[in-house]
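Please read the structure below before turning to the comments.
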Amino acid sequence: EPEVTQTPSHQVTQMGQEVILRCVPISNHLYFYWYRQILGQKVEFLVSFYNNEISEKSEIFDDQFSVERPDGSNFTLKIRSTKLEDSAMYFCASSEGDSNQPQHFGDGTRLSIL
Amino acid sequence: GDSVTQMEGPVTLSEEAFLTINCTYTATGYPSLFWYVQYPGEGLQLLLKATKADDKGSNKGFEATYRKETTSFHLEKGSVQVSDSAVYFCALSDQHNFNKFYFGSGTKLNVKP
Chain E
4 EPEVTQTPSH
14 QVTQMGQEVI
24 LRCVPISNHL
34 YFYWYRQILG
44 QKVEFLVSFY
54 NNEISEKSEI
64 FDDQFSVERP
74 DGSNFTLKIR
84 STKLEDSAMY
94 FCASSEGDSN
104 QPQHFGDGTR
114 LSIL
Chain C
615 GDSVTQMEGP
625 VTLSEEAFLT
635 INCTYTATGY
645 PSLFWYVQYP
655 GEGLQLLLKA
665 TKADDKGSNK
675 GFEATYRKET
685 TSFHLEKGSV
695 QVSDSAVYFC
705 ALSDQHNFNK
715 FYFGSGTKLN
725 VKP
């Protein structure tokens, strides 16, 4: 069964550094998403992406964050200048798009900011 | 705005016990409803879904019925196993805003042998 893959599984970065989290969505999916889960807390929506542009973003997704689909397969989340509070699990998801269709999630990248 | 509320955990049960995890939602339209499961150290996996009122989603012995009148989507299983120990998330997608999923806070289930 096709799946969403994320790399790396764990990223450790110094505060203030830039980090790029990578995702390969399911190939025939059209919608892509990033979510964040701070340890022990709920899964929070960050951003959705369709047709090569952001379709919606949450208040968490400020100017420090950006997303990109640099080629036909990868979908990246960049954090420009990381803060301690950016430490979390970051999940990528993709879907076929219709609201009846589920989002398929990757296993996540654990981001630790030192 | 749209939101999902789940019962707080953790829920601790003995093997073969009956499970109910409550989930209620608030939505402006007619959302699709989902249950996701997160095993330790893993991502979110779709467990089941229901896309309209009175639909019942089922998978691996778990069931949930979309109840529009009570705006609920409670998760049930007749006989839990140790391997069901995980965190369960209720979620909705809004037909008017299908780009966005709204997740509940998650309910941790511990099943003891």
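Residue numbers (my numbering), protein chains in the order written: chain E, 4 to 117; chain C, 615 to 727. Where a beta carbon is used, it is the ideal one built from N, C-alpha and C, also for glycine.
Please report the residue range of the beta strand (DSSP E) in which residue i lies.
i: M92(E); result: 91 to 98
i: K45(E); result: That residue, K45(E), is in no beta strand (DSSP E); it is neither H nor E in DSSP.
i: R25(E); result: 22 to 27
i: V15(E); result: 13 to 16
i: V618(C); result: 617 to 620
i: Q9(E); result: 8 to 10
i: L114(E); result: 112 to 116
i: E4(E); result: Careful: E4(E) lies outside any beta strand (DSSP E) and carries neither H nor E.
i: S69(E); result: 68 to 71
Quickly, what does DSSP pair residue i with across the bridge? List them, please.
i: N724(C); result: T626(C)
i: D698(C); result: Answer is none; D698(C) lacks a bridge partner.
i: H107(E); result: S97(E)
i: K60(E); result: V50(E)
i: T85(E); result: Per DSSP, none; premise fails for T85(E).
i: L33(E); result: Paired residues: none, contrary to the question.
Can you list the residues of chain C that residue i reaches, using a CB-CB cut of under 7 Å?
i: D110(E); result: E656, G657
i: Q14(E); result: Neighbours of Q14(E) on chain C: none; closest Cβ ~16 Å, over 7 Å.
i: Q20(E); result: What Q20(E) touches in chain C: nothing, since even the nearest Cβ is about 25 Å away.
i: Y106(E); result: It is worth fixing the name first, because residue 106(E) is Gln in this sequence and not Tyr. Near Q106(E) (Cβ distances below 7 Å), the residues of chain C are F715.
Can you pull the chain E residues whose beta carbon is under 8 Å from the beta carbon of residue i, in chain order?
i: G718(C); result: K45
Quick one: which chain C residues come within Cβ less than 8 Å of residue i?
i: F2(E); result: No statement about residue 2(E) is possible, as the shown extent of chain E runs from 4 to 117 and does not include it.
i: F68(E); result: The contacting residues do not exist; F68(E) stays about 16 Å from chain C at best.
The ligand ADP and residue i: does any heavy atom of the ligand fall closer than 8 Å to the residue's C-beta?
i: S90(E); result: Among the components of this structure there are no ligands whatsoever, and the ligand ADP is therefore not found.
Who are the neighbours of residue i on chain E, taking C-beta pairs under 9 Å?
i: F632(C); result: Simply none; closest approach about 26 Å.
query: Can you list, in chain order, the stretches of the beta strand (DSSP E) that have 3 or more residues and sit fully within the stretch 623 to 692 of chain C?
result: 625 to 628, 633 to 635, 637 to 640, 646 to 652, 658 to 664, 670 to 673, 676 to 679, 689 to 691
- prompt: Between the stretch 673 to 692 of chain C and chain E, which residues of the former have a C-beta closer than 9 Å to a C-beta of the latter?
  reply: none
- prompt: Which residues, in order along the stretch 59 to 85 of chain E, keep a beta-carbon less than 9 Å from a beta-carbon of chain C?
  reply: E59, S61
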